[in-house]
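Student: My structure is below; once you've seen it, I'll send some questions.
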Amino acid sequence: MSRAAGASGATPLARLLAARIAAEGPIGVDAYMQACLQHPVHGYYRKHAAIGAGGDFVTAPEISQVFGELIGLWCAIVWQQMGRPGNVRIVELGPGRGTLMADALRAARRVPAFHSAASVELVEINPTLIAAQRACLTDAAVPIRWSDDLRPSSAPSIVIANEFLDTLAVAQWVFRDGRWRTRGVGLDASGELAFVEDCSSDEPSLSPPPNIATCSDGDIFETRAAAFAHWTAKLAALGVPTAALFIDYGHGQPALGDTLQAVHGHRYDDPLRAPGESDLTAQVDFAAFAAAARDRGFYCDGPLAQGEFLGRLGIVERASRLMAANPAKALEIESGALRLMSPGGMGSRFYALGVSSKGLAPLPGFDRVDSRVGAP
Ligand code: SAH
Numbered sequence: 284m285s286r287a288a289g290a291s292g293a294t295p296l297a298r299l300l301a302a303r304i305a306a307e308g309p310i311g312v313d314a315y316m317q318a319c320l321q322h323p324v325h326g327y328y329r330k331h332a333a334i335g336a337g338g339d340f341v342t343a344p345e346i347s348q349v350f351g352e353l354i355g356l357w358c359a360i361v362w363q364q365m366g367r368p369g370n371v372r373i374v375e376l377g378p379g380r381g382t383l384m385a386d387a388l389r390a391a392r393r394v395p396a397f398h399s400a401a402s403v404e405l406v407e408i409n410p411t412l413i414a415a416q417r418a419c420l421t422d423a424a425v426p427i428r429w430s431d432d433l434r435p436s437s438a439p440s441i442v443i444a445n446e447f448l449d450t451l452a453v454a455q456w457v458f459r460d461g462r463w464r465t466r467g468v469g470l471d472a473s474g475e476l477a478f479v480e481d482c483s484s485d486e487p488s489l490s491p492p493p494n495i496a497t498c499s500d501g502d503i504f505e506t507r508a509a510a511f512a513h514w515t516a517k518l519a520a521l522g523v524p525t526a527a528l529f530i531d532y533g534h535g536q537p538a539l540g541d542t543l544q545a546v547h548g549h550r551y552d553d554p555l556r557a558p559g560e561s562d563l564t565a566q567v568d569f570a571a572f573a574a575a576a577r578d579r580g581f582y583c584d585g586p587l588a589q590g591e592f593l594g595r596l597g598i599v600e601r602a603s604r605l606m607a608a609n610p611a612k613a614l615e616i617e618s619g620a621l622r623l624m625s626p627g628g629m630g631s632r633f634y635a636l637g638v639s640s641k642g643l644a645p646l647p648g649f650d651r652v653d654s655r656v657g658a659p
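Numbers in the numbering used here are just positions in the sequence shown, counted from 1, shifted up by 283.
Here is the structure:
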C-alpha cells in the first residue's frame, strides 16, 4: 500500500516522522496521533479549518442550530442549580467554528439573569478556527476571551466539549500470541509508514487491559488513560464548583476494536496516508473517562445516548416551534433534528456525559436514579 513517507506526495510531517522513526525506532499510536493533530507547525489542529462543508467533517452544531440552543438552556438550568451565582464562566473546549456557542448564547438571552451573569472562555489552539469563532460571535453580548488551555478561575464554571475528547491521543494494544503488545507506527521495507507491534516507546503509565482470557489473536484495545488523567486533573484544578458536559462519538461500556479513523474531505482515509492533513480521531470510551473523573472526586451522570439526552432536553418541541416560525425552512430544520436523533446514526453513536463537583445536583437531562455514580 502506498504510504506517505516514501511517496512523492509525502506531507512535511510524514517526512519528519519517518526521519524520527529511522533514527529512534517506532513510536506508539498515541505519539503518532498526538503529532498528527498537535505538532506545533504541521499538526492538523494547528492550521486546518476542519469543520463544515468546505472542511473535512461536519459536527452536530453545524447540522442544526437546535443543538447549541438546547445546550445554552442546559447551561442556564445548571446555573440555577448552582444557586444563580452573580458571575459564571462558560468554558468551551475545542469550540470549532463557534457555532455551538453562538446558538447557546442566543438561547440564553431567554434567561436574562443568567445571560448577564455569564462570561465565556473559548479554549482553542487553532488560529484558523479562532478567526472563525471571532467572526461567528461578533454579535454576542457577553464578554468572550480566548485561551490555549483550561485555566483556573474564581467563578463557578460550566464546561462544554462537543467532539473534543475524540481528538485526544489514543494508545493501542494488540493481543498477539497470548499477550498484549503495544501497537505503533514504524517503517516498512520501502521506508513507508506502517503499523508495527511491540514498539518500544510505550508510555509506562499505560497498562494493558485485564481479562485477557477472553481475548482472541489480533484483538485491539484502546486507551486514553494519559489524556483522560490530564484533562480531568485540569477540571479538578479549576478549584470552583464545576459542571461539565462532554458529548462525543464512542461507547458507553469498554469494548475491543481498532477505531482509529482518518477523515479528509468528508471521506474516510488511511490514518497513515497524510499525517497532519487528515483529521484523526478514535471512539471515546465513556466508562474510562467517567472513571478518570471520579478518581478526581467528580460525580458523573450518564453516559446517555445523544438521542435520548436531546429528547429529554426537548429537541422535538424546540424544532417544532422553529418550524412553525420558519415554514420555508421547516424541512431543513426537521431533517437536521432527525439527523442528530437518528437511532442508527448520531442518536445512538454519540453519548453525553455529565461531570460535576460534589455538592451540585444531578445535571439536567440525565436520569437521576439509574445513571448517577458517585465519587469514591
Ligand atoms: N466542538 C466543535 C469542534 C469539534 S473539532 C464542534 O462541535 O463543531 C475539535 C476542536 O478541538 C477544534 O476546534 C480543534 O481546533 C480543537 N482542539 C483540538 N485539540 C485541542 C487542544 N489541545 N486544546 C484546545 N482545542 C483543541
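The beta-carbon is built from N, C-alpha and C at its ideal position, and this holds for glycine as well.
Just list the beta strand (DSSP E) runs in the stretch 329-377, keeping only unbroken ones of 3 residues or longer that don't cross its boundaries, in chain order.
Tutor: You should have 371-376.
Student: What I want to know is whether the C-beta of residue 262 ends up closer than 7 Å to one or more non-hydrogen atoms of ligand 1.
Tutor: Summary: the structure shown does not reach residue 262, with the chain confined to residues 284 through 659, and so no result is reported for it.
Student: What residue does the beta strand (DSSP E) around residue 534 start on, and which one ends it?
Tutor: Element bounds for residue 534: 525-534.
Student: Taking C-beta to C-beta, are residue 317 and residue 328 nearer than 8 Å?
Tutor: No, they are not a contact pair.
Student: For residue 566 and residue 505, what's the separation of their Cα atoms in angstroms?
Tutor: Answer to the nearest angstrom: the Cα atoms are 9 Å apart.
Student: Could you check which residue in 348, 481 and 403 has the C-alpha nearest to that of residue 603?
Tutor: Residue 603 has its Cα closest to that of 348, out of 348, 481 and 403.
Student: Under a Cβ-count criterion, where at least 16 other Cβ atoms within 10 Å of its own Cβ denotes burial, should residue 286 be classed as buried or exposed?
Tutor: Summary for residue 286: the model assigns pLDDT 48, below 50, so the residue's position carries little reliability; its value from the coordinates is reported in the next sentence. Residue 286 is buried by the Cβ-count criterion.
Student: Can you give the Cα-Cα distance for residue 362 and residue 418, rounded to whole angstroms?
Tutor: Roughly 27 Å separates the two Cα atoms.
Student: The alpha helix (DSSP H) spanning residue 503 covers which residue range?
Tutor: Looking at the DSSP string, residue 503 is not in any alpha helix (DSSP H); the run it does join, the beta strand (DSSP E), is 503-506.
Student: Have a look at 358, 627, 434 and 600 and flag the residue whose alpha-carbon is nearest the alpha-carbon of residue 401.
Tutor: The shortest C-alpha separation from residue 401 is found at 358.
Student: Between which two residues does the beta strand (DSSP E) holding residue 547 run?
Tutor: 544-547 is the span of the beta strand (DSSP E), which, as asked, contains residue 547.
Student: Looking only at its own chain, which residues have a Cβ that is under 8 Å from the Cβ of residue 447, when we skip the five neighbours before and after it?
Tutor: Here the set comprises 376, 377, 529 and 531.
Student: Taking the CB atoms as reference points, tell me whether residue 384 and residue 353 lie closer together than 8 Å.
Tutor: Not a contact, by the Cβ cut-off of 8 Å.
Student: Would you kindly work out how many angstroms separate the C-alpha atoms of residue 581 and residue 610, rounded to a whole number?
Tutor: Going from the Cα of residue 581 to the Cα of residue 610 covers about 44 Å.
Student: I want to check one thing, is the minimum distance from the CB of residue 447 to the heavy atoms of ligand 1 below 7 Å?
Tutor: The answer is yes for residue 447.
Student: If you scan the stretch 551-581 from start to end, which runs of the alpha helix (DSSP H) of 4 or more residues do you find wholly inside it?
Tutor: Listed in chain order, the complete alpha helix (DSSP H) runs (minimum 4 residues) inside the stretch 551-581 are 569-578.
Student: Assuming residue 604 is part of the alpha helix (DSSP H), what are its boundary residues?
Tutor: Unbroken alpha helix (DSSP H) run through residue 604: 598-608.
Student: Can you determine whether any heavy atom of ligand 1 sits closer than 7 Å to the C-beta of residue 328, and answer yes or no?
Tutor: Residue 328 Cβ: within cutoff of ligand 1.
Student: Can you tell which of 308, 387 and 570 has the C-alpha that lies nearest to the C-alpha of residue 467?
Tutor: For the residues 308, 387 and 570, the minimum Cα distance to residue 467 belongs to 308.
Student: In chain order, what residues of the same chain have a beta carbon less than 6 Å from the beta carbon of residue 644, not counting five sequence neighbours either side?
Tutor: The answer, listed in chain order, is 364.
Student: What whole-angstrom Cβ distance do residue 570 and residue 536 have, given they're in contact under 8 Å?
Tutor: That pair is a contact at about 6 Å.
Student: Residue 356 to residue 527, Cα distance in whole Å?
Tutor: The straight-line gap from Cα to Cα measures roughly 14 Å.
Student: Any heavy atom of ligand 1 within a distance shorter than 7 Å of the CB on residue 321?
Tutor: Yes, the beta carbon of residue 321 sits closer than 7 Å to at least one heavy atom of ligand 1.
Student: Comparing alpha-carbon positions, which option in 306, 600, 578 and 543 lies nearest residue 519?
Tutor: Checking every option, the nearest Cα to that of residue 519 belongs to 578.
Student: Given a cut-off of 8 Å, decide if residue 616 and residue 605 are closer than it, judged by their beta-carbon atoms.
Tutor: A contact, by the Cβ cut-off of 8 Å.
Student: Could you tell me if residue 306 is buried or exposed, where buried requires 16 or more neighbouring beta carbons within 10 angstroms of its beta carbon?
Tutor: That one is exposed.
Student: One question on the structure: do residue 296 and residue 647 come within less than 8 Å of each other, judged by their Cβ atoms?
Tutor: Contact flag unset, no.
Student: Quick check on DSSP: helix, strand or coil for residue 641?
Tutor: Residue 641 falls in the coil class under three-state DSSP.
Student: Starting from residue 411, follow the alpha helix (DSSP H) in both directions and report where the run begins and ends.
Tutor: Here the alpha helix (DSSP H) through residue 411 covers 410-419.
Student: Within the continuous beta strand (DSSP E) that includes residue 480, where are the two ends?
Tutor: Per DSSP, residue 480 belongs to the beta strand (DSSP E) from 476-480.
Student: Given 8 Å as the limit, is there contact between the stretch 415-435 and the stretch 462-480, that is, 3 or more CB pairs closer than that?
Tutor: Contact between the stretch 415-435 and the stretch 462-480 is absent, because fewer than three Cβ pairs lie under 8 Å.
Student: Go through its chain and collect everything with a Cβ distance to residue 552's Cβ below 7 Å, but skip five positions before and after it.
Tutor: For residue 552, where only same-chain residues beyond five positions count, the Cβ hits under 7 Å are 545, 546 and 561.
Student: Residues in its own chain within less than 8 Å of residue 369 by CB, not counting five upstream and five downstream?
Tutor: Only 400 meet the Cβ criterion.
Student: Per DSSP, what are the beta-bridge partners of residue 404 in this structure?
Tutor: Paired residue(s): 374 and 428.
Student: I'd like the list of long-range same chain contacts for residue 586, defined as Cβ closer than 6 Å, with 5 residues on each side in sequence excluded.
Tutor: Hits under 6 Å: 535, 569, 634 and 636.
Student: Please find out if some non-hydrogen atom of ligand 1 comes closer than 7 Å to the beta-carbon of residue 334.
Tutor: Answer for residue 334: yes, Cβ within range of ligand 1.
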